[in-house]
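Everything on this sheet refers to the single structure shown next.
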Amino acid sequence: MAEQPIPTSSAETPLLELRNVTKVFQSGIRKTATSQTVALREASLVVPSGFPTATAVAGESGSGKTTMARLLLGFIKPTSGQILYKGVDITKMDREQARAYRREVQPIFQDPFEVYNPFYRVDHVLTTPLRNFGLAKDEKEMRRRMEEALEMVGLRPRETLGRYPHELSGGQRQRIMVARALMLRPKIIMADEPVSMVDASLRATILDELRKLNTEFGISLLYITHDLTTAYQVCDNIVVLYQGSVTEAGSVERVIRDPKHPYTQLLVSSIPQTDRSQRWGDDEIPTAEANVGRATTGCRFAPRCASAMETCWSEIPPLFHLDTDRAASCYLYRDAPVLPSEGIGQVFHRPHETPTPVG
Amino acid sequence: MNQPMTTVPATDLATPAPATASSAVLQVQDLQVAYRTPIGDVRAVDHVSFSLEAGQRLGLIGESGSGKTTMATALMRLTRPPGRIAGGRVLLDGTDLLQLDDNALRRVRLREIALVPQGAMNSLNPVMRIEDQMIDAIVAHEGRQSRKVLATRVTQQLARVGLAPQVARRYPHELSGGMKQRTVMAISTVLNPKVIVADEPTSALDVVVQRQVMQTLGRIQEGIGSAVVLIGHDMGLIAQFADLIGVMYAGRLVEFGPVDDVLTSPRHPYTRMLIESIPKLTAKGRLVGIPGLPPALLALPPGCSFSPRCPYVFERCTTEAPVSQSVGPSRVAACHLYPDRADLPPLPASVVLDPTAPLAVVAAAMEGQQEPGRAEAEAALADELAAEGATQTAAGDSAAGVTGLAQSDIHELTRRGH
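So the sequence lines, in the order shown, correspond to chains A and B. Under the working numbering, the first residue of the first sequence is numbered 488, with each subsequent residue one higher. Under the working numbering, the first residue of the second sequence is numbered 26, with each subsequent residue one higher.
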């Protein structure tokens with residue numbers, strides 16, 4: 488892919504930017520083709536400053552979405568590319584900047600059971616960050632801030648504080664995690680599958696809270712999920728990953744309602760919808776194991792793709808800029824202009840500038 | 026997928042089913058399963074009745090703790106202590122499974138009624154080739170057969186689930202998650218059972234693979250004309266797969282009927298709120314969950330278990346438990362609104378929350394309906410169980426399956442001063 492200058496469409500420095508990030512995991516000592524796993528390949532993502540956005544990172548298992556989350560949280564370092572927070576590379580931050588980053592980008596994890604130490608009361612997860620960041624002068628203020636945050640996520644402090652994790656339901660525990668994030672007044676909340684372990688009737692409530700954090704408290708949201716339906720409901724923009732590569736990106740109205748990349752199409756058509764007029768077709772899905780003998784050095788989806796051409800097997804497709812709100816990494820659209828990976832922000836529309844729904 | 030409900034297409038592999046007067050192949054009558062706990066019995070399945078004809082697909086939906094998995098194990102009579110079947114009948118072609126002696130039961134399992142368990146990864150023997158596991162099942166039920174016949178049957182059975190013959194020689198670890206689940210399905214259906222009980226067969230799989238696996242199950246079922254009980258928590262999956270739906274809440278079957286009818290005009294308030302809480306792809310809207318929490322089975326509210334969360338609640342609901350009653354053609358619901366009404370009236374205005382209300386107001390409105398006593402009861406139970414060394418986990422959902430940030434990451438975060 489030809490390197491092109493970074494488009495300066497926005498004068499402002501983005502709040503958070505993933506620029507051409509590649510992460511390769513190496514197993515063993517010798518570098519061979521099979522010992523290296525490309526978990527993320529030249530992925531870019533932009534969270535603009537100035538206004539809050541909700542962006543979904545969607546993909547199935549092995550898509551690299553959790554790798555992206557771990558990179559963003561600084562647990563692992565990118566093999567190449569940069570992660571910039573307010574224009575500063577997060578791997579090169581000084582102590583003060585790193586602390587600010589740690590406070591302003593807050594994670595919410597998938598498992599509301601594992602994040603708690605069963606020997607501590609739930610207060611512990613709330614007081615620890617307050618102490619670490621020196622956000623409360625005394626015990627009284629600490630208590631007040633905890634109560635405030637719990638009330639914001641719809642929990643009664645009196646019935647929550649002082650309890651042990653096993654005394655609370657999964658939904659309640661997950662809401663405490665939302666409260667914890669909220670308490671630190673973050674700029675970005677990064678939620679990795681926050682509702683996959685929560686029951687259906689409580690799921691909607693938590694998702695609604697996340698959306699309200701975005702719309703009412705002005706916190707940008709990075710929503711990492713395998714579930715396109717909730718991504719559609721909660722977010723404005725989406726990046727779809729397949730085996731570490733961005734397949735399609737843009738507004739959720741475009742990408743989920745009218746997918747263009749064959750993988751996104753397969754994914755959307757496989758969603759079991761409650762609407763019985765949207766039944767799964769009877770068509771056989773081309774399966775990975777049918778083409779297992781053929782290795783691809785090009786598009787990762789080629790072995791499962793019904794539209795795969797010869798080019799797809801040998802060359803990695805760049806992102807093609809299909810319309811103002813969408814780009815897809817597929818040679819079916821090679822007539823469209825190429826969008827450099829780091830220009831991915833161009834297909835993200837601002838909230839409230841909702842593109843007209845398709846269909 | 027749109028197979029007629031009554032016709033039973035038979036394949037050459039299918040054993041001819043004896044003609045019975047009743048067309049119901051599975052009849053569950055007043056089934057009760059209880060778990061013994063130090064503070065009293067917990068009724069995990071509470072007076073559940075339904076019947077299923079050959080070729081029909083029933084989806085049993087429920088949240089965690091609703092009794093759906095207990096139901097699945099009870100249908101196979103696999104309930105283990107501290108659980109026990111406390112009453113009722115499970116009639117398979119007229120024979121009560123609950124009355125069979127151990128030998129007769131062993132013969133019936135797999136041959137007549139088969140289980141496709143949750144988490145196929147853990148259901149296969151890791152040190153046996155797939156073909157040996159399948160042959161084991163055949164030989165255990167039908168006795169010794171020539172190697173050639175067995176090999177043919179293995180190949181045929183693998184083909185039925187869309188797997189290549191080479192898979193027979195593989196070990197489980199050589200297969201992908203979807204292939205493993207299909208292998209389990211191949212083993213479960215090798216003797217053409219009359220009833221297939223599938224307990225969340227796709228809960229750990231990606232959506233594309235999930236669709237493949239479910240369509241495979243559908244094809245097998247159509248091929249051998251068996252009835253399927255699909256147990257799950259995903260309304261979408263059940264809408265796509267089933268003909269009939271049963272909704273479970275706190276151990277009771279609160280609604281039962283044809284999927285299309287139940288989805289378009291649910292009769293039970295819980296069913297309606299559950300359907301409305303599911304995010305849809307058709308339009309962006311406010312996500313409204315069901316206020317409150319499911320009740321702890323140890324501290325069930327008096328009367329209807331759903332009454333503390335129900336917007337339609339009236340006096341009778343808090344004193345008298347509703348019984349299942351007919352609410353339309355082949356439809357059953359357990360709710361006091363019937364038979365006085367023909368339909369479920371629109372949601373009361375107090376529940377249709379103001380979309381512009383600030384978070385805390387909405388939350389307060391929702392928390393206000395949360396019933397007290399649950400946490401205490403659960404804590405007491407958890408403590409007791411822990412004291413007894415039981416391996417039962419506290420209230421939690423099993424809807425997991427997608428790998429996220431691992432615990433090591435969380436420790437990492439803590440270490441770095443989060």
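Where a beta carbon is used, it is the ideal one built from N, C-alpha and C, also for glycine.
### Task
Determine, using beta carbons only, whether Y572 of chain A comes closer than 9 Å to chain B.
No - not a single Cβ of chain B is within 9 Å of the one on Y572 of chain A.
### Query
chain A partners of S89 of chain B, CB-CB under 7 Å?
Contact note: S89 of chain B reaches chain A through D686, using a C-beta cutoff of 7 Å and chain order.
### Query
How many Å lie between D422 of chain B and G561 of chain A at the Cα?
Because the pLDDT of D422 of chain B is 32, which lies under 50, any placement of that residue in the model is unreliable, and the question is left without a value.
### Message
Is the beta carbon of R134 of chain B closer than 9 Å to that of L255 of chain B?
### Response
Against a cut-off of 9 Å, the Cβ pair of R134 of chain B and L255 of chain B comes out as no contact.
### Message
I need the straight-line Cα distance from P63 of chain B to E696 of chain A, nearest angstrom please.
### Response
Their backbone Cα atoms lie some 38 Å apart in a straight line.
### Cα-Cα separation, D231 of chain B to D625 of chain A
One C-alpha to the other measures close to 48 Å.
### Query
Would you call H611 of chain A buried or exposed, if buried means 16 or more other Cβ atoms sit within 10 Å of its Cβ?
Burial call: exposed.
### Query
With 9 Å set as the bound, which would you pick, yes or no: does the beta-carbon of G785 of chain A sit closer than that to a beta-carbon of chain B?
By this cut-off, G785 of chain A is not an interface position.
### Task
Would you check if the distance between the CB atom of L125 of chain B and the CB atom of K219 of chain B is smaller than 9 Å?
No, the Cβ-Cβ distance between L125 of chain B and K219 of chain B is not below 9 Å.
#### Entry: Under 8 Å (Cβ pairs) to chain A, residues found in the stretch 286-303 of chain B
Residues of the stretch 286-303 of chain B with a Cβ closer than 8 Å to any Cβ of chain A, in chain order: L288, M298, L299, I300, S302 and I303.
### Query
Helix, strand or coil: how does DSSP classify G705 of chain A here?
In the structure shown, the three-state DSSP call for G705 of chain A is coil.
### Query
Among A:P673, A:R608, A:T615 and A:L700, which has the Cα closest to the Cα of G641 of chain A?
Measuring C-alpha to C-alpha distances from G641 of chain A to each of A:P673, A:R608, A:T615 and A:L700 identifies A:L700 as the nearest.
### C-alpha gap between L318 of chain B and A782 of chain A, whole angstroms
Rounded to whole angstroms, L318 of chain B to A782 of chain A spans 50 Å at the Cα level.
### Query
Going by C-alpha distance, which of A:T542, A:R690, A:L559 and A:E646 is nearest R311 of chain B?
Among A:T542, A:R690, A:L559 and A:E646, the Cα nearest to that of R311 of chain B belongs to A:R690.
### Task
Count the CB pairs spanning the stretch 285-297 of chain B and the stretch 234-243 of chain B that are closer than 8 Å, and state whether there are at least three.
The stretch 285-297 of chain B makes no contact with the stretch 234-243 of chain B: fewer than 3 CB pairs, one atom from each, lie closer than 8 Å.
#### Entry: Ranges of the alpha helix (DSSP H) found wholly within the stretch 87-163 of chain B, counting only runs of at least 4
Segments of the alpha helix (DSSP H) lying fully in the stretch 87-163 of chain B: 93-100 and 127-133.
### Message
Suppose contacts are defined by Cβ-Cβ distances below 9 Å. Is K552 of chain A in contact with H713 of chain A by that definition?
### Response
Against a cut-off of 9 Å, the Cβ pair of H713 of chain A and K552 of chain A comes out as a contact.
### Query
Where does E829 of chain A sit, in a helix, a strand or coil, going by DSSP?
E829 of chain A: helix per DSSP, three-state reduction.
### Task
Using a Cβ cut-off of 9 Å (strictly closer), state whether T180 of chain B contacts chain A.
Judged by the 9 Å Cβ criterion, T180 of chain B is not in contact with chain A.
### Query
Do the stretch 257-267 of chain B and the stretch 746-763 of chain A touch if we need at least three Cβ pairs shorter than 8 Å?
Cβ pair count under 8 Å is three or more, so yes.
### Task
Would you mind telling me which residues of chain A sit closer than 7 Å to H258 of chain B, beta carbon to beta carbon, in chain order?
Within 7 Å Cβ-Cβ: A687.
### Complete alpha helix (DSSP H) runs within the stretch 187-241 of chain B (minimum length 4 residues, chain order)
Complete alpha helix (DSSP H) runs here, min 4: 202-213.
### Message
Taking the beta strand (DSSP E) that M260 of chain B belongs to, which residues open and close that run?
### Response
Per DSSP, M260 of chain B lies in no beta strand (DSSP E) segment; the continuous alpha helix (DSSP H) that holds it begins and ends at M260 to F266.
### Message
How far does the beta strand (DSSP E) with Q57 of chain B in it extend, from its first residue to its last?
### Response
First-last of the beta strand (DSSP E) with Q57 of chain B: A49 to T62.
### Query
Is there contact between the stretch 714-725 of chain A and the stretch 784-803 of chain A, where contact requires at least three CB pairs shorter than 8 Å?
No, because fewer than three Cβ pairs between the stretch 714-725 of chain A and the stretch 784-803 of chain A fall closer than 8 Å, the two stretches do not touch.
### Query
Can you give the Cα-Cα distance for A275 of chain B and D679 of chain A, rounded to whole angstroms?
Across the structure, A275 of chain B and D679 of chain A are spaced so that their CA atoms are roughly 30 Å apart.
### Message
Starting from G310 of chain B, trace the alpha helix (DSSP H) in both directions and tell me its first and last residue.
### Response
Here G310 of chain B belongs to no alpha helix (DSSP H), and DSSP marks it neither H nor E.
### Below-9 Å beta-carbon distance, L648 of chain A vs any chain B residue
So no, L648 of chain A is outside the interface.
### Query
What are the boundary residues of the beta strand (DSSP E) that includes H72 of chain B?
Taken as a continuous stretch (DSSP letters only), the beta strand (DSSP E) holding H72 of chain B covers G65 to E78.
### Task
Going by CA-CA distance only, name the one from A:V682, A:Q752 and A:L671 that's closest to R589 of chain A.
When each option's Cα is compared against that of R589 of chain A, the closest is A:L671.
### Query
What do you get for A321 of chain B, buried or exposed, if any count of 16 or more other CB atoms within 10 angstroms of its CB means buried?
A321 of chain B counts as buried, since at least 16 other C-beta atoms from the protein chains shown sit within 10 angstroms of its C-beta.
### Query
For R837 of chain A, which residues in chain B fall below 9 Å Cβ to Cβ?
What R837 of chain A touches in chain B, judged by beta-carbon distance under 9 Å, is nothing: the nearest beta carbon there is about 16 Å away.
### chain D within 9 Å of D762 of chain A, Cβ atoms only
Protein chains A and B are contained in the structure displayed, whereas chain D is not.
### Query
Using the rule of at least 16 other Cβ atoms within 10 Å of the residue's Cβ for burial, across every protein chain shown, is G257 of chain B buried or exposed?
Under the 10 Å beta carbon count, G257 of chain B is surrounded by 16 or more other beta carbons and is classified as buried.
### Message
Give me the subset of the stretch 624-642 of chain A whose CB atoms are less than 8 Å from a CB atom of chain B, sorted by chain position.
### Response
For the stretch 624-642 of chain A, which is checked against every Cβ of chain B, the residues closer than 8 Å are E638, M639, V640, G641 and L642.
### Task
Select from A:T798, A:I831 and A:P805 the residue whose C-alpha is nearest the C-alpha of R813 of chain A.
The shortest C-alpha to C-alpha distance from R813 of chain A to any of A:T798, A:I831 and A:P805 is the one to A:I831.
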